[in-house]
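Everything below concerns the one structure shown next.
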Amino acid sequence: MLIRCPFCGEREAAEFRFRITRPEVAGTAAERLYLRRADPQRSIEHWQHAEGCRMWLEVTRDLTSGAVLAVSAELTRAAG
Amino acid sequence: MTRRFSALQLLLDAARGGSASLEALWPRRSPSGPYDVIIVGGGGHGLATAYYLAREFKLRRIAVLERTLVGYGNVGRNTTIVRSNYLLPQNQRFYEDSLKRWGTLARELNFNIMYSRRGVLDLAVSDEDLVALRRRGNAMRLSGIDAQLLDRAAVARFVPQLDVDAPRQFPIVGGLLQRRGGTVRHDAVAWGYARAAAALGVDVIERCEVLGLARRAGRIAGVESDRGFIAGERVALAVAGRTASLAARLGLALPLETHLLQAGVTEPVKPMLDTVLIYMFPGAGEVYVSQSDRGGLVFGGMLDGHPSMTQSGAVSRVRDVSRALTALLPQTADLALLRHWAGMNDMTMDGSPIIDKLGSEELFLNGGWCYGGFKAIPASGRAFAELIARGEAPELIRPFRLSRFLTGHVLDEKGAGPFPARQ
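Top line first, the protein sequences correspond to chains A and B.
So the first sequence is residues 63 to 142, counted in our numbering.
So the second sequence is residues 8 to 430, counted in our numbering.
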């Protein structure tokens, strides 16, 4: 599978490493650290192009199909 | 409908021939109600919970709602390993309870679950590994759990088909053995508990998917399913690998996410492996392998590395796990891979399960089993049943309360931090 890195272009998925799922939870530091409420069809995650430019990317994926919906170089804050 | 299985029964069936002995292990039920308890999830944990609720706590009206068919989920997809070789005392106590229950379960359920005490051997591939294994072994022994540290020669004697002298990228230098660990036939566990629960009056309802919770006047009134509203006073969730997806549907935020791991079975071969081997293959995770009674090598790896609910996995990961197996046992390189599959794992933020009542409602959660839920089935079922029946968690599962994440009482076996993929 290919993923389009904003810096490197289309590269093999194996070059990228999942780091964390962006928490969609507001609240205390502990709640934001531990709790997850990902929408299975629109999971927003932070990946790193570990075997390429090593930049951190925000990747939106559909967990039920595995499809990559969007890749962005901008790491956004979760909606409160 | 449920006959007692016995040697005499086998002889009588053989004499009568064929179809006389073919009858359903449990009756097909449709949702009715109202129920005292609705258990969402007809896997090992859900069925065991129903059994103990009926048997020990004498609740009368219990329903188990299974989205697909009994045995189709993780209870039929795991690699059948049972063990209690954990580091933390809270986990040790719990999995020891389960291991002891495995020992008497076949008799209790009148069903052959094929518990084989063939040992579980964690192999060390470096001196650092040996230090870690020695530490865990000592922790086990301090809790009265059997553990033996083997050097290279002892590993070679214990596993004759494992050539410790074969050149490997990650050589074997020793191992930690739990002799009382081993394997249990996973399908038999599902069928045995379903049959026993049904015999006690539990409605085992297949092909019934829960779509949401039903509340009336602010209280739990049952569930909404694809077969309509089902009334129940208490709702207990036991859906293991589907916990995150069900939680999303119910609007719950939980400290877990779903990750896959790859597993497979080779073609059957003559008996060659009479223990369970676990081998670290740094860079590609690990592989654990045992040989089933039908002769196939049943093996699995570690997590794929990113969240997924697809129940299939990347081919590259299947290759990684297979490569680890052939690195460990080179003689398997030419074997055909008969089946491979991915299991959905509910990975928690500390790698340990969650069994708790959710807030003040009559709503209960049993999940977060990560990749280790199979061995927990008897202890989990019994303790979850007590929680549901009494409204208060027995001592055995209090460490697994949901609030532990917010109060700093995480059970981090691996000390890996709040990263589900690293547990």
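We put the beta carbon where it would ideally sit given N, CA and C, even for glycine.
Fair warning: this is a prediction, and the values are worked out from it, not measured in the lab.
In terms of DSSP beta bridges, what is residue i paired with?
| i | result |
| --- | --- |
| B/Pro314 | B/His266 |
| B/Ser133 | Per DSSP, none; premise fails for B/Ser133. |
| B/Gln298 | B/Leu304 |
| B/Ile120 | Paired residue(s): none; B/Ile120 is not in a bridge. |
| A/Asp101 | A/Arg104 |
| B/Gly271 | B/Phe306 and B/His347 |
| A/Ser134 | A/Glu120 |
| B/Asp210 | B/Ala70 |
| B/Gly189 | B/Val89 |
| B/Leu128 | B/Leu184 and B/Leu284 |
| B/Ile361 | B/Gly374 |
For chain B, is any of its Cβ atoms less than 8 angstroms away from the one on residue i?
| i | result |
| --- | --- |
| A/Arg116 | no |
| A/Leu137 | no |
| A/Gly142 | Only weak support exists for where A/Gly142 lies, its pLDDT of 49 falling under 50; the coordinates are left without a value. |
| A/Pro68 | no |
| A/Gly71 | no |
| A/Ala132 | no |
| A/Ile82 | yes |
| A/Arg98 | yes |
| A/Ala112 | no |
| A/Ile65 | no |
| A/Thr126 | yes |
| A/Glu93 | yes |
From this set, the options, which residue's C-alpha is nearest residue i's C-alpha?
| i | options | result |
| --- | --- | --- |
| B/Glu115 | B/Gly398, B/Tyr58 and B/Ser315 | B/Tyr58 |
| A/Pro102 | B/His266, B/Lys421 and B/His416 | B/His266 |
| B/Gly380 | B/His52, B/Arg186, B/Phe306 and B/Gly24 | B/His52 |
| B/Gly49 | B/Trp198, B/Gly271, B/Glu231 and B/Arg408 | B/Trp198 |
| B/Glu402 | B/Pro96, B/Glu63, B/Arg186 and B/Asp20 | B/Pro96 |
| B/Ala70 | B/Glu274, B/Leu54 and B/Val294 | B/Leu54 |
| B/Trp348 | B/Thr339, B/Leu336, B/Val325 and B/Ile362 | B/Val325 |
| B/Leu169 | B/Val89, B/Arg186, B/Arg62 and B/Leu284 | B/Leu284 |
| A/Arg139 | A/His111, A/Leu131, A/Arg94 and A/Glu77 | A/Arg94 |
| B/Ala260 | A/Arg98, A/Ala91, A/Arg116 and A/Pro68 | A/Arg98 |
| B/Ser329 | B/Phe288, B/Pro314 and B/Ser319 | B/Phe288 |
| B/Arg249 | B/Arg192, B/Gln298, B/Gly188 and B/Gly375 | B/Gly375 |
| B/Pro385 | B/Arg11, B/Leu106, B/Ala61 and B/Ala14 | B/Leu106 |
| B/Lys421 | B/Leu60, B/Leu140, B/Asn81 and B/Arg100 | B/Leu140 |
| B/Ala146 | B/Gly424, B/Leu94 and B/Gly302 | B/Leu94 |
| B/Gly308 | B/Ala321, B/Pro314 and B/Ala270 | B/Ala270 |
| A/Ala92 | B/Ala221, B/Thr414 and B/Ala423 | B/Thr414 |
Between which residues of its own chain and residue i is the CB-CB distance below 7 angstroms, once the five residues before and five after are set aside?
| i | result |
| --- | --- |
| B/Gly312 | Ala428 |
| B/Trp33 | Ala201, Arg202, Ala205 and Val211 |
| B/Arg175 | Ala334 |
| B/Leu332 | Val294, Val296, Phe306 and Thr339 |
Please return the same chain residues whose Cβ sits closer than 8 angstroms to the Cβ of residue i, not counting the five positions on each side in sequence.
| i | result |
| --- | --- |
| B/Glu369 | Arg226, Ile227, Glu240, Arg241 and Val242 |
| A/Gly142 | Any reading at A/Gly142 is ruled out, since the residue's pLDDT is 49, under 50, leaving its predicted position unreliable. |
| A/Glu107 | Phe80, Arg81, Ile82, Thr83, Arg84, Glu120, Val121, Thr122 and Arg123 |
| B/Glu213 | Arg35, Gly49, Glu73, Thr75, Leu76 and Val77 |
| B/Ser310 | First, the residue type needs correcting, since residue 310 of chain B is Leu and not Ser in the sequence shown. Cβ neighbours of B/Leu310 beyond the five flanking positions: His266, Leu267, Leu268, Gly292, Asn352, Met354, Tyr378 and Ala428. |
| B/Ser252 | Thr265 and Met316 |
| B/Ala343 | Thr273 and Glu274 |
Say whether chain A places a C-beta atom closer than 8 angstroms to the C-beta of residue i.
| i | result |
| --- | --- |
| B/Met356 | yes |
| B/Ala255 | yes |
| B/Pro425 | yes |
| B/Thr265 | yes |
| B/His416 | no |
| B/Gly312 | yes |
| B/Ser410 | no |
| B/Gln430 | no |
| B/Met316 | yes |
| B/Ala260 | yes |
| B/Ser252 | yes |
| B/Leu137 | no |
| B/Ser329 | no |
| B/Ser323 | yes |
| B/Leu413 | yes |
Excluding the 5 residues preceding and the 5 following residue i in the sequence, name in chain order all residues of the same chain whose CB lies nearer than 6 angstroms to its CB.
| i | result |
| --- | --- |
| B/Gly144 | Ala154, Leu156 and Leu183 |
| B/Asp194 | Gly78 and Gly83 |
| B/Ala113 | Asn119 and Ile120 |
| B/Asp43 | Leu66, Arg68 and Glu240 |
| B/Arg23 | none |
I believe residue i touches residue j by the beta-carbon criterion, under 8 angstroms. Please report the beta-carbon distance rounded to the nearest angstrom.
| i | j | result |
| --- | --- | --- |
| B/Leu244 | B/Leu372 | 5 angstroms |
| B/Tyr102 | B/Lys382 | 6 angstroms |
| B/Ser232 | B/Val180 | 53 angstroms between Cβ atoms; not a contact. |
| B/Val417 | B/Asp357 | 4 angstroms |
| B/Ala392 | B/Glu63 | 7 angstroms |
| B/Thr247 | B/Gly80 | One detail in the question is off: residue 247 of chain B reads as Ala in this sequence, not Thr. Correct: roughly 7 angstroms between the Cβ atoms. |
| A/Gly114 | A/Glu77 | 5 angstroms |
| B/Val127 | B/Asn92 | 6 angstroms |
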